[in-house]
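> Before I ask anything, here is the structure I am working with.
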Amino acid sequence: MADRDQPRIVGTPFRRVDGVAKVTGRTRFADDLAFPRMVHLKLVRSHVPHANIKEIDTSAAERIDGVIHFVRGEDMPNTFGILPVSQDEHALAFEKVRFVGDAVLGVVALTEDAAEEATRAVKVDYEELDTIGSVEEALVTSTDKIHEYGDEGNIHKKVSMEFGDVESGFDDADLVLEDTIFYEGNTHLAMEQHAAVAVPEGDGKITVWSATQTPHYVHRALAKVLELPAAHIRVIACPNGGGFGGKSDPFNHEIVAAKAALQIGRPVKICLTREEVFYCHRGRHPVTMHVKTGFKKDGAIVSQHLKTALDGGAFGSYGVASTYYTGALQTVTYKVPRYRFDGLRAFTNKPPCGPKRGHGTPQPRFALEVHLDKAAHALGMDPADIRLNHLQPKNSVTANWLKIGSMGLEECLQKVIDGSGWRQRYGKLPEGHGLGIACSSYLCGAGLPIYWNHMPHTGVQIKLDRSGGVAVFCGEIEIGQGSDSVLAACVAEVLGIDLKDIRLCVGDTDLTPVDLGSYSSRVTLMMGNAALQAAERAKELIAEAVAERLQVPAGQLVFAERRVFDASDPERGMTFSEAVATAESKFGTLGTTGSYTPPRSPGRFRGAGVGPSPAYSYSACVIEVCVDRETGCYTVPKVWIAHDVGRSINPALVMGQVEGSIYKGLGEAMMAESALRRLPKKRSNALVHKFPSMLEYKSPTFLDMPEIVTYLVEDPDPNGPFGAKEVGQGPLLPVMPAVCNAIFDAVGVRIDQVPAHPQMILQALDDKARGGPGRYGPKRFPDVSWGEPLRVPTPDEGGDGKAINAEQVGVRGGTMKEDPEGVKS
Amino acid sequence: MMRLPTFTYVGAKTLEDAVTALADDPEGTRLVAGGTDLWPNLKRRHQGARSVVGLRRVAGLRGITGDPAAGVTIGAMTTLTDILRCPMLRDGYPGFVRAVASISSPVLRNMGTLGGNLCLDTRCTYYNQNEEWRQSIGYCMKEVGDTCWVAPGSPRCWAVQASDSAPALCSLDAHVVLHSTAGERVIPIADLYNDDGIVYLTKSRTEILTEIRLGPAGARRSTYWKLRRRGSIDFPVLGVGVALELDGGTVSSAKIHLGAVHSFPVAATAAAAHLLGKSLTEDVIAEAAELAKDPASPLDNTDFTLQWRRRMVGSYVDGALRELAGLPPKATPSVHGEGALALEV
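Protein sequences appear in the order of chains D and L. Per my numbering: the first sequence = residues 1 to 825. Per my numbering: the second sequence = residues 1001 to 1345.
Written out as C-alpha cells, the structure is:
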C-alpha cells in the first residue's frame, strides 16, 4: 500500500507543476484566449445608485461603426445567485438598478474599442429612488426596499441563536467585558481582472471559458438563465490570476457573453476593467460588532454574546452564509461553554459583498482577539496565557455543535511565544515599540454544499494506459493556491511515479468530475482525499495484475521510482509503464474514480450547516509594531506566525500561502478599505466607490512587507489527505488583531477598528492625554430587535444538537424558496 | 482594457519642430515627455487631444550640466532616474534629490522626466477616476461639470498640486526656462504655478518647459519630507521642501514650500521669516512649524483625513527643520526616499 508515513513527494518542497508555464508566460488565462470570428462585449453600467429604469435608448450607439448587437435584460428573465436562498440577480437589470455599477445592457462590437465607445453612447433614462448607504439607514428604512424579499424591510437576513443559558453565565462571571468594534469592508484585489469567452458550438451547445473559482456554480446559473439543459453547456475554468473569493459567484458578464454568443452565433469575449472588478466586488463585508463576555479570574470564558451587523451591499451573494459565519467559528479556539450569536445583514445601494479570504470570520475574530487582549489586561494576565490556558481541546464538540478533530494551537502559540521572545519582551519594549498576539482557526472546507444534495463534494477520475502516462481529471481550479500541484502530488505519491508523468485536466464541466470549487479552503482536503481514493484504486488494479505475473503477493509490492517491485527483492519488478500494460492486458482499458463527502456534523438546528468542517486549521501570530507618537504613523518590522496545517503536502507552497496571508492581513489592518462616498444630499444622489483603482485603493507592495518568520506545525488530522489541513485562509485572521494589540503595547491606546489609520492613533493618544480611555472605535451597535433566539442546549447540557424552540421561532422571509423551474412567471 | 483615444502623434526632432507644432493648435495639442502622467489621463478621458507632440527625440533637452559651485542646469527631458544617479546633485542639492527619489516607483522614474513632474496635472479623488465614475457624480468643474465636489460652495477648483520636485525646487529658488515661437523666458519656478486646480500653470499653451536652473549651492542646507501612505509608491499627501542658510549660528535665509496641501506649492512665508536672524533652537523651530500650518489648505480629496494632514504640516516642518538643525528627530518621516537612493548608488 502507499506508504503514507514515509512519502517521497508529499512533504518535500517540490516545484509546483504549473510554475514554469506561469513564470514564462505560457499559462493561458481567460483574457489570453482568442477564437476565429470572435467579437467583444462591454456592459453598460448604471451611474446612479438606486433607480427604476424608464428607457434604454440605443439609437446613437447603433450608429457606431462595428457595433453589431445589443443584449437586453428582458431576454434573460430568470434570476440567479450563488445561494438557492438568494436568487436575486438578473444578468442585466431591466426593472431597476441597485448600485453604481449594476449592469443594464450588453453591447457587442467587432472591436473592444467600438463596444466601449458604444456603451458611452447608450442613453438610459432613470427614475431615481432614495439610496440606502449604511446598516443604520437600512434599519430605519422599511419602505423603498432594495429587494422585495428579506427578513424585514431592508434587512436581508436576521439570525439569533443561543447555546446554553448565556445570561446566567454572566452572573457567574468575575469580570464582564463589553466591546463595540468595527471592521471596514475591503476587496480581493486579484491581479487578474475577470474575463470570459463564450463560444457557440455547431450543434446548439455552448462553451464558456472563464476566470472563475466555481465553474460548477457558473454551470448551474447558465443553465437556469439561458434556459438550456446543463448538458448542453460546458464551462471551462481558466487558471485564475488570483481569486481570494472574488471569482466565487456566477457573474452577469459570464451569462451575458454566453447569451450574446448564442444570439449571434459568434464567439464573444469580455474582459472587465479594474473599475468594473471593484463593482463586481463580493468582498469583505463591513461589520459592526458588539461582544460581551463573562470571564473567571483565571481568564476562562464562562459566557459570550456576540452581535454582528453586516453591510451587505446590493445583492444577496453568499450573504446569508457570511452572516452565519460571523458567528460560527468563535467557539473553536478557546472554550466558550455558553454562547449567543445575533447577526443581521442589510441591503444597501453599494457593490455587493460576499466571501473574501476568511469569509465572514476575520471580522468577529478581530473583535474576539482584541477583546481577549483587553480581558487579559483587566485580569492582570499575560495575553498569551489567557489564550494558552483555555484552549478548546482536540477531539471535542463546541457549545455550538462543531466537531473539533486535531488541534495544534497550543504548539502554534508556543512557537510564536518562543520565537518572538514574548516572555522577555512583551510590555518591556522601548517607548513606541510593541508586540501583539492573536490566534485564529479556519475551516478545511464547508461541511455542506451550497445547494442541498447528497452527492460527493468532489470527484477525481484517473485514466492510465500502456504509455505509463497518467491522466487525472478533476473539477478543481488552480487559482494560484497550488491545487494542481496537490492533485498531481497525491496521485504521483500513491503510484510511485514522477509529477511529470501526470497530465492534469481540471475545471471542465464536460470532461471532469464535479468539484464544488476553489473556495472555503476545501480543495486540498476534499480533492486530496478523492485523489487518494482514485489512485489507491488504480494501484490495486495494477498490483493485482503485477502480483499475478511476478508471482508475488500484491501486498508485498512497492510502487516507487516509476517502478513496481517486490519489497523483499527490489530487483524483481518492472517499470511503471510495463506494470500498467500488464494491468491493461488483464483488465482491459483502465480507469478509476474517487470521491469525497464530508462527515455529517452533530448540529441539527437551522443554521447548523454553517461552521462544520472535516477539520480546522489553527494559527498563532505575534506582530511587532513601531509607532510614531508625533504622527500616529506606524510600521510593522517583523511578524512571527505559526500555522497548524496538519501536514504539508508541499511546505514551500504552504509557506507561500502563509506569507501571502500576512501580506493581505497587513493590508486589511493598515490601509485597505472599500469605502463609499456620498455626495452632499441636496446637490446629488450619488453614492460611489471612493477609490475603484489600484493606486488609491491601498494595499502593501512587496517593498512594504516586513520580515516574516513562519513555523509550520504538523499535527496530522485523520480527515486530511496524508493528514493535511488548509492554509489558504486561516493565517490571515490573526494578523489584524495582532497589529491592534501591538499598537496598545507600544503606545497604550486601543484602536477598535480596522484599518487602523495613523489619525486614529493620534486621536486616541489625545483622548488619553485628556484623561479619556485612550480608544478609537465605534461608539454604539445599532438598535435591533432580535426576537426569540433559537435555543439549542449545548453538549455539556446533554443536548442532542437540536433546537428546543424551532417551531416558535419559525422561518423568516429572508430565505427565498428556490423555484425548481427557475422560470419567472 | 482602457485604451488611448485616437490622435495625431508628432515625434519632434528639434525644439523648433515642437514649438511650431504646438503653435499650430495650442488648445488641441498636448506635450508628452515620459508619458507617465499624460497617457493614463488620456486613457481615462480626462483630457482629449487632437495631437500629441512627443519630446523624447528633441536634441538637447536631456542632460545635467554645470556644478554646485557655479549652478546646475537640468534639461527638462532628463529622467528622474538620471537625477538620482548624479552624485553632484546629491551633494549640492540633497533636498531636491530626496524629493525626486520619493517620486513613484523605479519603473516610472525610469520613464518620468523632471519637466513632466513639474508640469504634473493637479490631482483630486473626485477627478482621477474613470469616465464612468465621473459620470456618476455628474463630473466636476475641472472637467465639464460646474461643482468642485470637495468644496461644493467654492467658485474654484481645489485639485491638489502633487509634484514632489516642485516644492523642493521652489525652496531652492530654482528657475525654469520656457520656450515658444516667440522666444524664451526665464522665470522663478514658484511663478510657474497658479493658484487654481484647473489652470495650475502660468505657462501658456504655446510654451515648452525646456530647462531647470539651480543657482550655486553655496552653504545652503536643504531637505524634503514627504508624507504618503506607502513607502513604496504613492503621490504625496504632504511635501515639505526646506532650504536654509546659517550665518554664524543664525539663519540668514530660509525658504519653506508645502506641496500637496493646495493647488500650487505654497510658500510658508511667515514660518520662514520667523527663522531669520535666529538660531535653530527647538522652540524657534516649533514656533515656525506652527506658523507653517496657516497657508496649508488640505481638503478631503487625497488619501487620509484633512485634519490629520493639516496637523502633519506642523510635525513635518518641525521634523525637516530639526533635521537641518542637527537636532534629534521627534517624528519619523513616512518616506525619505532613502530606499530609492540606495538602489541607485
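Don't be surprised by glycine CBs; every beta carbon is placed ideally from N, CA and C.
May I have the straight-line CA-CA distance separating D:V709 from D:Y426, to the nearest angstrom?
18 angstroms
> Please list, in chain order, the residues of the stretch 1130 to 1162 of chain L that have any C-beta partner in chain D closer than 8 angstroms.
Hits within the stretch, in order: N1130, E1131, E1132, W1133, Q1135, S1136, I1137, G1138, T1147, W1149, P1152.
> Could you confirm whether any beta carbon from chain L is found closer than 7 angstroms to the beta carbon of D:E630?
D:E630 counts as touching chain L.
> With 16 as the cutoff for other CB atoms within 10 Å, does D:D102 come out buried or exposed?
buried
> Check distances from the C-beta atoms of the stretch 1304 to 1320 of chain L to those of chain D and list, in chain order, the residues that come in under 9 angstroms.
Those would be F1304, T1305, Q1307, W1308, R1309, R1311, M1312, S1315, Y1316, D1318, G1319, in chain order.
> When Cβ atoms are compared, which residues of the stretch 685 to 702 of chain D fall closer than 9 angstroms to chain L?
A686, L687, V688, H689, K690, F691, P692, S693, L695, E696, K698, S699, P700, T701, F702
> By DSSP's criteria, D:V108 is part of a beta bridge. Which residues make up the other side?
D:L41, D:H69
> With burial defined as no fewer than 16 other Cβ atoms inside 10 Å of the residue's Cβ, what is the status of D:R345: buried or exposed?
buried
> Determine, using beta carbons only, whether D:L92 and D:V104 come nearer to each other than 7 angstroms.
yes
> Please check if any C-beta of chain L sits within less than 7 angstroms of the C-beta of D:Q759.
yes
> Is it buried or exposed, D:V67, if we count other Cβ atoms within 10 angstroms and call 16 or more buried?
buried
> Could you tell me whether the stretch 1297 to 1311 of chain L touches the stretch 1268 to 1279 of chain L, using the rule of 3 or more Cβ pairs below 8 angstroms?
no
> Applying a beta-carbon distance threshold of less than 7 angstroms, which residues of chain D neighbour L:G1035?
The contacting residues do not exist; L:G1035 stays about 16 angstroms from chain D at best.
> Quick check on D:M1: buried or exposed, where buried means 16 or more other Cβ atoms within 10 Å of its Cβ?
For D:M1, the pLDDT reaches just 40, beneath the cut-off of 50, and the residue's location in the model is therefore unreliable, although a value from the coordinates is still provided. Classification of D:M1: exposed, given that the 10 Å Cβ count is below 16.
> Can at least three beta-carbon pairs, one atom from the stretch 314 to 330 of chain D and one from the stretch 350 to 358 of chain D, be found at a separation below 8 angstroms?
yes
> Could you please give the first and the last residue of the uninterrupted beta strand (DSSP E) stretch that includes L:G1241?
1238 to 1247
> Give the interface partners of D:P680 over in chain L, defined as CB-CB distance under 7 angstroms, in chain order.
P1152
> Would you identify the three-state DSSP class for D:Q832, choosing helix, strand or coil?
Nothing about residue 832 of chain D can be read from this structure; chain D reaches only from 1 to 825.
> Restricting to runs no shorter than 4 residues, where is the alpha helix (DSSP H) found entirely within the stretch 441 to 518 of chain D?
483 to 495
> How about D:E659 and D:N186: do their beta carbons lie closer than 7 angstroms?
no
> Do you know whose CA, among D:A492, D:P598, D:D510, lies nearest D:R563's CA?
It is D:A492.
> Is the CB of L:S1232 under 7 angstroms away from at least one CB in chain D?
yes
> Which of helix, strand or coil does DSSP assign to D:K664?
helix
> At a CB-CB cut-off below 9 angstroms, which residues of chain D make contact with L:L1332?
Sequence check: residue 1332 of chain L is Thr here, not Leu. In chain order: C626, D628, E630, T631, C633, T635.
> With respect to the beta strand (DSSP E) encompassing D:K157, which residues constitute its N-terminal and C-terminal limits?
155 to 163
> Run down chain D in chain order and give the residues with a C-beta less than 9 angstroms from the C-beta of L:R1003.
E112, D113, E116
> Going by CA-CA distance only, name the one from D:P731, D:P362, D:A675, D:V610 that's closest to D:W452.
D:V610
> Taking the C-alpha atoms as reference points, what is the distance between D:K42 and L:T1008?
Cα atoms of D:K42 and L:T1008: separation of roughly 27 angstroms, rounded to the nearest angstrom.
> Give me the residue from D:A196, D:N400, D:P793, D:R365 with the minimum Cα distance to D:Y442.
Of the listed residues, the one whose Cα sits closest to D:Y442 is D:R365.
> Beta-carbon within less than 7 angstroms of L:T1020's beta-carbon, same chain only, minus the 5 sequence neighbours each way: which residues are those?
T1181
> Helix, strand or coil for D:E148 per DSSP?
coil
> Pop quiz: D:A211 and D:K259 are said to be a contact at Cβ under 8 angstroms. What is the actual Cβ separation, rounded to whole angstroms?
Going by Cβ atoms, the distance from D:A211 to D:K259 rounds to 18 angstroms, so no, they are not a contact pair.
> Would you verify that the beta carbon of L:R946 is, or is not, closer than 7 angstroms to some beta carbon of chain D?
Because chain L is modelled from 1001 through 1345, residue 946 of chain L falls outside the range shown and cannot be assessed.
> Suppose only complete runs of 3+ residues qualify. What are the beta strand (DSSP E) ranges in the stretch 747 to 824 of chain D, listed by chain order?
790 to 792
> Check each residue of the stretch 242 to 272 of chain D: if its Cβ is closer than 7 angstroms to any Cβ of chain L, include it; give the result in chain order.
C271
> Go through the stretch 568 to 642 of chain D residue by residue and report every complete run of the alpha helix (DSSP H) that reaches 4 residues or more, in order.
Listed in chain order, the alpha helix (DSSP H) runs fully inside the stretch 568 to 642 of chain D are 576 to 587, counting runs of at least 4 residues.
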